[in-house]
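Novice: Right, I'll just put the structure down here and ask away after.
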Amino acid sequence: MSLVMQKLEDMNIQYVTAVVEEGGVIVDQLFFHDPDGYMIEICNCQNLPVLPLSSSCPLKLNLPTATTTTTTTTTTTTALRKPKYCSGEAAAVMMMDNLLVEMMNISM
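Our numbering puts the first residue of the sequence shown at 2, with every later residue one more than the last.
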């Protein structure tokens with residue numbers, strides 16, 4: 002990180018640094034704008050743990066759940082599907098599908 006800061010100083014580019022700690026993990030960040038005006042962030046993000054999507058935040062599939070209808074004489078239960086948490090592979094497929102749809106919306 003110090004080498005990057007030295008190079009930015011040599012090129013007279015202003016930058017801002019930050020240190021973020023969450024859950025005992027410390028990440029150093031450096032922000033600056035490139036010549037086109039885009040903000041660039043450089044960090045030592047290798048310090049962050051990599052967790053599989055399925056274990057860190059399971060997605061709920063929007064499936065119909067069981068319904069129960071009660072009348073004075075009978076009780077009817079219609080079992081459609083129980084809500085499930087999707088696997089990591091299913092989550093990845095859903096994310097790619099959503100990305101494709103969003104990209105199509107942007108291009109139209």
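C-beta atoms are modelled at their ideal positions from N, C-alpha and C, and glycine is treated no differently.
Check whether the Cβ atoms of ILE43 and HIS34 sit closer than 9 Å, and answer yes or no.
Specialist: no
Novice: DSSP three-state label for GLN15, please.
Specialist: The answer is coil: DSSP assigns GLN15 none of H, G, I, E or B.
Novice: Which word fits ALA19, buried or exposed, when buried means at least 16 other C-beta atoms lie within 10 angstroms of its C-beta?
Specialist: exposed
Novice: By alpha-carbon positions, which one of TYR16, MET2 and VAL26 ends up nearest to PRO36?
Specialist: Considering only alpha carbons, the answer is TYR16.
Novice: Going by CA-CA distance only, name the one from VAL102, GLY25 and PHE32 that's closest to ASN14.
Specialist: Looking at the sequence itself, residue 14 is Ile, so the reference to Asn does not match. The shortest Cα separation from ILE14 among VAL102, GLY25 and PHE32 belongs to PHE32.
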